[in-house]
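Visitor:
Numbering (the UniProt record's numbering), first residue to last: 1 to 476.
Put into structure tokens, the structure is as follows:
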């Protein structure tokens, strides 16, 4: 019998796996998709919230602030991209100042450090492209930005390094109690475990409701975004939020850790938990609202749009606890879930440890090295690397200057890339201005060669998303 099954390989599930790998235990992470970070964790605002917004006294607030505080040291330990650039909540009207003051006081109650209200003159100095209508803002120096893929992969790879196993393309269809634990009925057969962690994102309520009479309802809340080219990346220096006011709740404008500009999201409750298609109406809403707090947005520099789903539980709170003996919920993890993920992982691991009394593993290694980016090396070091490993001198993705060496590294990690999107999220090959128009054939060839499969077996994102359906000459 497995000690712990974690259902869901998003940022919360992987954070929990990494924290549990501190103990001697057989831990298995299951996901219905083909890779880590294929659900909510792959499509969000990439923000590390300071923690001023969540209701004071809520678990959401406590874990947000704790996770935000953990992030700088964790970025060093696990080698992922993170910047503490700070955030601004812009007030566009004097009549909305009471709401700004209330947000400030809520942040103080949550224990957020360094919060203060800045007036128009200082605000313009902090953010030259702020709206001419702006009168003041809440300044949160501990706010930051992160690569959500990088964070999730960092948790997963460090967990795997410390013995955690991952199994993909495995949907958990039902869970039921058995003597000494739980039986998970999956699309690839039954599995038994002493303890189950439910980190199934928008589907977490379905599993929870199989084991608990205290019903949970998760509504998928879709958010549409625009991603702009590197040429627009310095239009703002900080994450800029709009204070909800007489114009309603706005959208954010933020730099990304990779030098792009991100604008969004909308918030539309839908029925389909798999519907991540953008809509014309929601993208029009982003366009209409984006310019309220930041002027002269260069939307013509948009290189793509996308949508993600948030796991919105109707009570708007994180649900982390034992729903039944040995069944631990990690559910309702919507924003600020990415920010809170280090603290969420720690709390889930503490709950499981309390249930199973696992011994600590003295061999636990907390460190992980990310994929080497040769562009960051001094010229002589880069030249030496290319002489030793020529693949680092072969550019595959021109837009982002991604080399074959980086792609090989991404494939051969554990868990490694098995699809074009898996390579893209790990290395950024395909994330540039041409959106994979140039590099896809070469990445496909490399994947097929390294995985030892025909090119027709390589997919864009798992499932039936093959790019090649046959070879012309085979029919002759």
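C-beta: ideal position from N, C-alpha, C; glycine also.
In three-state DSSP terms, what is residue 257?
Guide: Position 257 of the chain shown, counted from the first residue, corresponds to residue 257. Coil at residue 257, not helix or strand.
Visitor: For residue 407, name the three-state secondary structure that DSSP assigns.
Guide: Residue numbering aside, residue 407 sits at position 407 when the chain shown is read from its first letter. In the structure shown, residue 407 sits in a helix (DSSP, three-state: H, G or I).
Visitor: Should residue 157 and residue 2 be called a contact, given that it needs their Cβ atoms to be closer than 9 Å?
Guide: Along the chain shown, one-based indexing puts residue 157 at 157. Along the chain shown, one-based indexing puts residue 2 at 2. No; because the gap between Cβ atoms is not below 9 Å, this pair is not in contact.
Visitor: Assess, as a yes-or-no matter, whether the region 59-67 is touched by the region 398-411 under the definition of 3 or more beta carbon pairs within less than 8 Å.
Guide: Contact fails: fewer than three Cβ-Cβ distances are below 8 Å.
Visitor: Can you give me the C-alpha to C-alpha distance between residue 165 and residue 307, rounded to a whole angstrom?
Guide: The sequence position of residue 165 within the chain shown is 165, counting from 1. The sequence position of residue 307 within the chain shown is 307, counting from 1. So the alpha carbons of these two residues sit roughly 30 Å apart.
Visitor: Between the region 267-283 and the region 215-224, are three or more C-beta pairs nearer than 8 Å?
Guide: Yes, the region 267-283 touches the region 215-224.
Visitor: Report yes if the C-beta distance between residue 425 and residue 417 is below 9 Å; otherwise report no.
Guide: One-based indexing of the chain shown puts residue 425 at position 425. One-based indexing of the chain shown puts residue 417 at position 417. Closer than 9 Å, so yes.
Visitor: I'd like the span of the beta strand (DSSP E) that includes residue 14, first residue to last.
Guide: Translated into the one-based positions of the chain shown, residue 14 becomes position 14. No beta strand (DSSP E) contains residue 14, which is instead part of the alpha helix (DSSP H) from 11-20.
Visitor: Any heavy atom of the ligand FAD closer than 8 Å to the Cβ of residue 101?
Guide: The ligand FAD is absent from the structure shown, which contains no ligand whatsoever.
Visitor: The beta strand (DSSP E) spanning residue 3 covers which residue range?
Guide: Locating residue 3 in the chain shown gives position 3, where the first residue counts as 1. Unbroken beta strand (DSSP E) run through residue 3: 2-7.
Visitor: Note the first and the last residue of the continuous beta strand (DSSP E) segment covering residue 149.
Guide: Taking the first residue of the chain shown as 1, we reach residue 149 at position 149. Taken as a continuous stretch (DSSP letters only), residue 149 belongs to no beta strand (DSSP E), being part of the alpha helix (DSSP H) at 148-161.
Visitor: Check whether the Cβ atoms of residue 143 and residue 5 sit closer than 9 Å, and answer yes or no.
Guide: As a working mapping, residue 143 is identified with position 143 in the chain shown. As a working mapping, residue 5 is identified with position 5 in the chain shown. Going by C-beta atoms, residue 143 is not nearer than 9 Å to residue 5.
Visitor: If the criterion is Cβ atoms closer than 9 Å, does the pair residue 39 and residue 218 meet it?
Guide: As a first step, residue 39 is located in the chain shown; it is residue number 39 there, counting from the start. As a first step, residue 218 is located in the chain shown; it is residue number 218 there, counting from the start. Contact flag unset, no.
Visitor: If you follow the beta strand (DSSP E) that residue 364 is part of, which residue opens it and which one closes it?
Guide: Stepping through the chain shown from its first residue, residue 364 is reached at position 364. Where residue 364 is concerned, there is no enclosing beta strand (DSSP E), given that its DSSP letter is neither H nor E.
Visitor: If you draw a straight line from the C-alpha of residue 445 to the C-alpha of residue 360, how long is it?
Guide: Translated into the one-based positions of the chain shown, residue 445 becomes position 445. Translated into the one-based positions of the chain shown, residue 360 becomes position 360. C-alpha separation (whole angstroms): 43 Å.
Visitor: Would you kindly work out how many angstroms separate the C-alpha atoms of residue 358 and residue 350, rounded to a whole number?
Guide: Translated into positions along the chain shown, residue 358 becomes position 358. Translated into positions along the chain shown, residue 350 becomes position 350. Taking the straight line joining both Cα atoms gives about 10 Å.
Visitor: Identify the continuous alpha helix (DSSP H) that holds residue 379 and give its terminal residues.
Guide: On the chain shown, position 379 is the one that residue 379 refers to. Per DSSP, residue 379 belongs to the alpha helix (DSSP H) from 379-388.
Visitor: Have a look at the DSSP bridge pairing and note the partners of residue 419.
Guide: Translated into the one-based positions of the chain shown, residue 419 becomes position 419. Its beta-bridge partners are 459.
Visitor: Report buried or exposed for residue 31, applying the criterion of at least 16 other Cβ atoms within 10 angstroms of its Cβ.
Guide: Counting from 1 along the chain shown, the entry for residue 31 is found at position 31. Result: buried.
Visitor: Around the Cβ of residue 458, are there at least 16 other Cβ atoms within 10 angstroms (buried) or fewer (exposed)?
Guide: Working through the chain shown from its first residue, we reach residue 458 at position 458. Under this definition residue 458 is a buried residue.
Visitor: Please classify residue 42 as buried or exposed, where buried requires at least 16 other C-beta atoms within 10 Å of its C-beta.
Guide: As a first step, residue 42 is located in the chain shown; it is residue number 42 there, counting from the start. Residue 42 should be labelled buried.
Visitor: Please report the residue range of the alpha helix (DSSP H) in which residue 208 lies.
Guide: As a first step, residue 208 must be located in the chain shown, where it is residue number 208. Here the alpha helix (DSSP H) through residue 208 covers 204-211.
Visitor: Just reading off the beta strand (DSSP E) that residue 309 is part of, what are its end residues?
Guide: By 1-based counting over the chain shown, the position of residue 309 is 309. Note, residue 309: beta strand (DSSP E), 302-313.
Visitor: Which two residues bound the contiguous alpha helix (DSSP H) that contains residue 282?
Guide: Start at 1 with the first residue of the chain shown, and residue 282 comes out as number 282. Here the alpha helix (DSSP H) through residue 282 covers 280-290.
Visitor: First and last residue of the alpha helix (DSSP H) that includes residue 350?
Guide: One-based indexing of the chain shown puts residue 350 at position 350. Element bounds for residue 350: 337-356.
Visitor: Between which two residues does the beta strand (DSSP E) carrying residue 87 extend?
Guide: For the purposes of this step, residue 87 is taken as the residue at position 87 of the chain shown. Run containing residue 87: 87-91, per the beta strand (DSSP E) assignment.
Visitor: I need the straight-line Cα distance from residue 204 to residue 328, nearest angstrom please.
Guide: Locating residue 204 in the chain shown gives position 204, counting from the first residue. Locating residue 328 in the chain shown gives position 328, counting from the first residue. If I take the Cα positions, the gap works out to 11 Å.
Visitor: So residue 67 and residue 339 are supposed to be a Cβ contact under 8 Å. How far apart are they, rounded?
Guide: Within the chain shown, numbered from 1, the residue matching residue 67 stands at position 67. Within the chain shown, numbered from 1, the residue matching residue 339 stands at position 339. So it is a contact: roughly 5 Å between Cβ atoms.
Visitor: Measure the C-alpha to C-alpha separation of residue 235 and residue 295 and round it to an integer number of angstroms.
Guide: As a position in the chain shown, residue 235 is number 235, starting the count at 1. As a position in the chain shown, residue 295 is number 295, starting the count at 1. About 9 Å.
Visitor: With DSSP collapsed to three states, give me the class of residue 275.
Guide: Within the chain shown, the letter at position 275 stands for residue 275. Residue 275 falls in the coil class under three-state DSSP.
Visitor: Using DSSP with H/G/I as helix, E/B as strand and the rest coil, what is residue 443?
Guide: By 1-based counting over the chain shown, the position of residue 443 is 443. Looking at residue 443 - three-state DSSP - the assignment turns out to be helix.
Visitor: Determine the direct distance from the alpha carbon of residue 69 to that of residue 317, and round the result to whole angstroms.
Guide: Position 317 of the chain shown, counted from the start, is the residue given in the question as residue 317. Position 69 of the chain shown, counted from the start, is the residue given in the question as residue 69. Cα to Cα, the separation comes out at about 20 Å.
Visitor: Looking only at its chain, what residues have a beta carbon closer than 6 Å to the beta carbon of residue 320, apart from the 5 residues adjacent to it on each side?
Guide: Within the chain shown, the letter at position 320 stands for residue 320. Correct list, in chain order: 330, 347.
Visitor: With 16 other CB atoms within 10 Å as the buried threshold, where does residue 148 fall?
Guide: Reading the chain shown from its first residue, position 148 is the one you call residue 148. Result: buried.
Visitor: Tell me the rounded alpha-carbon separation between residue 154 and residue 412.
Guide: Counting from one through the chain shown, the residue named residue 154 turns up at place 154. Counting from one through the chain shown, the residue named residue 412 turns up at place 412. So the alpha carbons of these two residues sit roughly 15 Å apart.
Visitor: Where do the ends of the alpha helix (DSSP H) carrying residue 198 lie?
Guide: Here residue 198 refers to the residue found at position 198 when the chain shown is read from its first residue. Run containing residue 198: none in the alpha helix (DSSP H); it sits in the beta strand (DSSP E), 189-198.
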